[in-house]
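Remarks on the structure that follows.
Laid out in C-alpha coordinates, this is it:
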(Lines of atoms letter the chains of each structure in order from A; the text may use other names.)
(Lines give C-alpha, C1' and ligand atoms only; values in the text may rest on other atoms or scores of the structure.)
Protein backbone atom coordinates (compact mmCIF):
# COMPACT_ATOMS: atom_id res chain seq x y z
CA UNK A 1 0.00 0.00 0.00
CA UNK A 2 1.35 3.43 -0.94
CA UNK A 3 0.26 6.90 0.16
CA UNK A 4 1.15 10.29 -1.21
CA UNK A 5 0.78 13.49 0.81
CA UNK A 6 0.76 16.94 -0.78
CA UNK A 7 0.94 20.27 1.05
CA UNK A 8 0.49 23.57 -0.79
CA UNK A 9 1.06 26.84 1.10
CA UNK A 10 0.44 30.36 -0.24
CA UNK A 11 0.85 33.61 1.61
CA UNK A 12 1.17 37.34 1.28
CA UNK A 13 1.83 40.19 3.67
CA UNK A 14 2.31 43.92 4.01
CA UNK A 15 4.01 46.28 6.45
CA UNK A 16 5.79 49.62 6.28
CA UNK A 17 8.21 51.79 8.21
CA UNK A 18 8.52 55.59 8.33
CA UNK A 19 11.21 57.70 9.92
CA UNK A 20 12.75 61.13 10.05
CA UNK A 21 15.43 63.18 11.75
CA UNK A 22 15.11 66.84 12.71
CA UNK A 23 18.38 68.73 13.21
CA UNK A 24 17.66 71.43 15.81
CA UNK A 25 21.28 72.58 16.26
CA UNK A 26 24.66 71.24 15.16
CA UNK A 27 24.85 69.24 18.40
CA UNK A 28 21.21 68.22 18.87
CA UNK A 29 19.02 66.03 16.65
CA UNK A 30 15.65 64.42 17.27
CA UNK A 31 14.54 61.24 15.49
CA UNK A 32 11.18 59.56 15.19
CA UNK A 33 10.21 56.22 13.65
CA UNK A 34 7.01 54.26 13.13
CA UNK A 35 6.72 50.54 12.35
CA UNK A 36 3.28 49.45 11.21
CA UNK A 37 1.75 46.15 12.20
CA UNK A 38 2.23 43.32 9.71
CA UNK A 39 -0.91 42.22 7.93
CA UNK A 40 -0.69 38.78 6.36
CA UNK A 41 -2.72 35.85 5.08
CA UNK A 42 -1.67 32.22 4.74
CA UNK A 43 -3.64 29.54 2.90
CA UNK A 44 -2.79 25.86 3.14
CA UNK A 45 -4.22 22.93 1.25
CA UNK A 46 -3.44 19.29 1.93
CA UNK A 47 -4.36 16.17 0.04
CA UNK A 48 -3.64 12.50 0.50
CA UNK A 49 -4.09 9.67 -1.96
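In my numbering, the protein residues as written are 1 to 49. From the three backbone atoms N, C-alpha and C, an ideal C-beta is built for every residue, glycine too. As the structure is a prediction and not an experimental result, all values here were calculated from the model.
Under DSSP, residue 9 takes part in a beta bridge, and its partners are 44. Between residue 37 and residue 12 a beta carbon distance of about 15 angstroms is seen, past the 8 angstroms cut, so the two are scored as non-contacting. Exclusion of the five residues before and after residue 35 leaves 17 as the residues of its chain whose Cβ lies within less than 7 angstroms of its Cβ. Taking C-beta separations shorter than 6 angstroms and ignoring five residues to either side along the sequence, the partners of residue 33 in its chain run 19, following chain order. Taken through DSSP and simplified to helix, strand or coil, residue 14 comes out as strand.
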